[in-house]
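Below is one structure, written out as structure tokens; comments come after it.
Number of protein chains: 2
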Amino acid sequence: MARIAVTDGMSAKAVEMLENAGHEVVLRHYDPDEISSGSLAGFDAVVIRSATKLPAEQISASVSSNGGIRFIGRAGVGVDNIDISEATLRGIVVCNTPGASTRSVVEMTMGHLIASTRNIATADRTLRNGVWAKKQLRGSEIGGKRLGLIGFGRIARGVAQAARSFGMVVHAYDPFVENAIEGITMHDSVDEIFSNCTHISVHCNLTNETRNLVNTERISTMPGIGADGIDCGNHIVSCARGGIVDEDAAHQALESGQLRSLALDVFESEPLGPSPLLNHDSFHGSPHIAASTLEAQARIGIEMASLLIEFFDSGKTSTSLNF
Amino acid sequence: MARIAVTDGMSAKAVEMLENAGHEVVLRHYDPDEISSGSLAGFDAVVIRSATKLPAEQISASVSSNGGIRFIGRAGVGVDNIDISEATLRGIVVCNTPGASTRSVVEMTMGHLIASTRNIATADRTLRNGVWAKKQLRGSEIGGKRLGLIGFGRIARGVAQAARSFGMVVHAYDPFVENAIEGITMHDSVDEIFSNCTHISVHCNLTNETRNLVNTERISTMPGIGADGIDCGNHIVSCARGGIVDEDAAHQALESGQLRSLALDVFESEPLGPSPLLNHDSFHGSPHIAASTLEAQARIGIEMASLLIEFFDSGKTSTSLNF
């Protein structure tokens, strides 16, 4: 019987699973100040999404001499809001649910890619403003073009499969993938993705190495002319993590025309404040919703509830990020 | 050596092909009044897109006792702007370029489908307005859902292939297709598409039979709950022809919630004037641009130039709509 704090929400079905297993679930958001002053130390586990941040000081405030949290669950994928080293030092197991949102992010990436190349948001906006901009909104096809994937994990592989069904030629770079993959041209450097591909989608984690990876210099090497000889321009999509695309550099490239479209679901600073991107017609944005579907929520909750039940039954989990 | 009027534009490469073959190309739009008063009768052929209308009286005004047009080329697919019976009576060959824009329309259909289910245009609009609407914009996946295709020609088949790559289960109705198609559930009536499918895409021609085919009664039978048990709501997309979706009925269904999204690239009246759809957050619109890509334009122009060269060389074409 554990006390579990769920700070950023959880599906009713998952809460029911936990309660049926005898656990107490407290659904309530805690502000950073509350966590710093030890509000989570009365719990055995905490489940967060992206809104709650757990840097080292928040983690140390959540353990106490007679207990505190032994499990941090990240309902979702990205764990850049958790200091995993600190958790490991204190013997706290950290788990996420990487598979649950894969399909949602794949769909959103393809949706943003087509919305960008076909001006779907601009079309809707001008139509609502009473302008029939048929002639100004000519787009380009994705079929026959080269799509470069930066990172080639679970989501990127799903995007590769979908993109190939549209006739795209897929190139990828991932320093952690060594094997050749049938039908995909793997590259040895990220620079080769930029110099070969008119369309690029970002699928890596945010690390010191990947911060501002999409920068002015690299964007300037994108070819602009499609593998099929069409003047389709260059297009970048990111549903990964904010900070990998240098937003100032991307905005300058939109202004100069070196980028014909940019679609971002993630931003260096979220919620996004005033940004010159928001006034550019060739920018398409969404507020970090690539994983935000009914289906992913259902899968995430059930996967996380199962991990918690396993952990409090057996003291360990079949998959964790640090033990 | 023929004189060819091109009234709605043509790619430079196609014009060059025609000129190199010795033909004279006049690129100029003609108003209905001009056509009625015989402005096209001095040409041997006319090439139009959707902007120029050729009803019976315009066609009869374009032939004269000593000649006039012998060939009407529709650069694109839909020929509801040409009175083909009248053309046939007067011995005028009518040709279109149905294959050239297939890929563009397939991509746009999938783009609109994902943009609708994932609120991409609304996301962009709210973001530009300074609102971080992350929580309000939860969408649903298309994977695992039933997609119903009304009409199962070239474009619908392309959509079926793309949709299946996302894990959709495809149902289709087409009274002109008799053979079973592997992996697709074919139905005997259009009503069965509505009662089985949460997602519907329209791919038929506009005829007396298909006008207002998507109506209140049929929309009311859509299941709302996905084949995977998820409360995804009902979604309709049309990049076919205006008038097949009853816009008033669809608006009422958006208001009642029976439709969770509606994406239209085509409208009963174009350019679209004031419409209650434009004030509905769950509507996504575009100004008839599904075939409007650099690639389709290039293919259409070249295909049409080839047909014209063949016709004026040999007096006939390998494919025509009426001879």
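Each protein sequence line maps, in turn, to chains A and B. Residue numbers for the first sequence follow the numbering used here, so the first one is 1 and each next one is one higher. Residue numbers for the second sequence follow the numbering used here, so the first one is 1001 and each next one is one higher. We put the CB at the ideal spot given by N, CA and C, even for glycine. Fair warning: this is a prediction, and the values are worked out from it, not measured in the lab.
- Flagged as an interface residue toward chain A: HIS1284(B), by a C-beta distance shorter than 9 Å.
- For ILE1219(B), the enclosing alpha helix (DSSP H) covers residues 1216-1219.
- According to DSSP, residue pairing for THR1102(B) in a beta bridge does not occur.
- Within the segment 1133-1152 of chain B, ALA1133, LYS1134, LEU1137, ARG1138, GLY1139, SER1140, GLU1141, ILE1142, GLY1143, GLY1144 place their CB atoms closer than 8 Å to a CB of chain A, listed in sequence order.
- The residues GLU1024, PHE1043, ASP1044, in chain order, have a CB closer than 6 Å to that of ARG1003(B) in the same chain once the five nearest residues on each side in sequence are set aside.
- In this structure, ILE230(A) places its C-beta atom within 9 Å of the C-beta atom of LEU1294(B).
- For ILE72(A), the three-state secondary structure derived from DSSP is strand.
- When the alpha-carbon of PHE1152(B) is set against those of MET1186(B), ASP1246(B), ARG1103(B), GLU1016(B), the nearest one is in MET1186(B).
- Rounded to the nearest whole angstrom, the C-alpha separation of ALA41(A) and ILE289(A) is 31 Å.
- Contact residues of the segment 1001-1034 of chain B toward chain A are absent (C-beta to C-beta distance below 7 Å).
- Separation of ARG211(A) and CYS1204(B) (C-alpha to C-alpha, rounded to the nearest whole angstrom) is 48 Å.
- Distance between ALA1056(B) and ILE1082(B), taken at the CA atoms: about 8 Å.
- For HIS288(A), the residues of chain B that pass the 8 Å Cβ criterion are LYS1134, in the order they occur in the chain.
- Distance from the Cα of HIS199(A) is smallest, within the candidate group GLY242(A), SER261(A), ARG70(A), MET108(A), for SER261(A).
- In the structure shown, MET110(A) falls within a helical segment according to DSSP collapsed to helix, strand and coil.
- For GLU1209(B), the nearest beta carbon of chain A is not closer than 9 Å to its own beta carbon.
- The beta carbon of GLN297(A) sits closer than 8 Å to those of SER11, all from its chain and outside the five residues before and after it, given in chain order.
- About 18 Å separates the Cβ atoms of THR109(A) and CYS232(A), ruling out a contact at the 8 Å cut-off.
- Annotated three-state conformation of ARG3(A) is strand, per DSSP.
- Taken in chain order, the unbroken stretches of alpha helix (DSSP H) that lie wholly in the segment 161-219 of chain A and span 4 residues or more are 190-196.
- Identification of chain A residues near GLU1217(B) by a Cβ-Cβ cut-off of 9 Å yields none; the smallest Cβ-Cβ distance measures about 28 Å.
- When Cβ-Cβ separations below 9 Å define contact, ASP1124(B) makes contact with chain A.
- Our two residues, VAL1237(B) and ALA1115(B), have alpha carbons roughly 10 Å apart in a direct line.
- In terms of Cα proximity to HIS1112(B), the closest of ASN1322(B), ILE1302(B), SER1282(B) is SER1282(B).
- Contact annotation: in the segment 1238-1266 of chain B, no residue has its CB less than 7 Å from a CB in chain A.
- Counting other Cβ atoms within 10 Å of its Cβ, LYS13(A) stays below 16 and is therefore classed as exposed.
- Secondary structure of THR293(A) (DSSP, three-state): strand.
- Contacts with chain A at 9 Å (Cβ-Cβ) include THR1117(B).
- In the three-state reduction of the DSSP assignment, ILE155(A) falls in the helix class, which pools H, G and I.
- Taking 9 Å as the threshold, the shortest C-beta distance from CYS1232(B) to chain A falls below it.
- Closest option to LEU321(A), judged by alpha-carbon separation, among VAL46(A), MET1(A), SER39(A), THR88(A): THR88(A).
- Note: SER1238(B) is bridge-paired with VAL1202(B), LEU1264(B) in the DSSP secondary-structure output.
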